[in-house]
Amino acid sequence: MNFGLKSETISAIQSVMAHYPQVEKAILYGSRARGNFRNGSDIDLTLTGSNLDLDLLLKIENAIDDLLLPYKMDLSLLNHIENPDLIAQIHKFGRVFYQKK
423 MNFGLKSETI SAIQSVMAHY PQVEKAILYG SRARGNFRNG SDIDLTLTGS NLDLDLLLKI
483 ENAIDDLLLP YKMDLSLLNH IENPDLIAQI HKFGRVFYQK K
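This note's numbering puts the first residue of the sequence shown at 423, with every later residue one more than the last.
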């Protein structure tokens with residue numbers, strides 16, 4: 423499943439995730455996971471893993487920004503999300519985008 427993204431885009435984001443061993447999984451959620459995305463839809467990803475903190479999240483965001491992708495990226499840490507409705511949506515519709523090997 424490509425979630426409306428080019429395979430090169432997916433590979434580039436996954437390569438960034440693989441560079442950070444603390445990232446165990448990246449879960450895609452939102453319109454791209456549900457399949458009702460549009461051309462300009464952003465990429466919503468939440469990360470899970472041990473020793474993930476906001477400083478590391480910022481480093482990952484900067485590394486993804488350096489890819490100069492034509493998409494807005496919304497990156498979060500699953501264990502920092504406080505909105506129970508959003509957490510429920512992620513569990514219901516979320517799709518594994520990256521998994522540590």
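Glycine included, C-beta positions come from ideal geometry on N, C-alpha and C.
A distance of 9 Å or more separates the beta carbons of Asp488 and Leu467.
Collapsing the DSSP output to three states places Asp496 in a strand.
Going by C-alpha positions, Asp477 is about 12 Å away from Tyr442.
Taking all protein chains in view, the Cβ of Gly516 is crowded by 16 or more other Cβ atoms within 10 Å, so the residue is classified as buried. Its Cα nearest to that of Leu474, the residue Val445 stands out among Val445, Ile512, Pro506 and Asn484.
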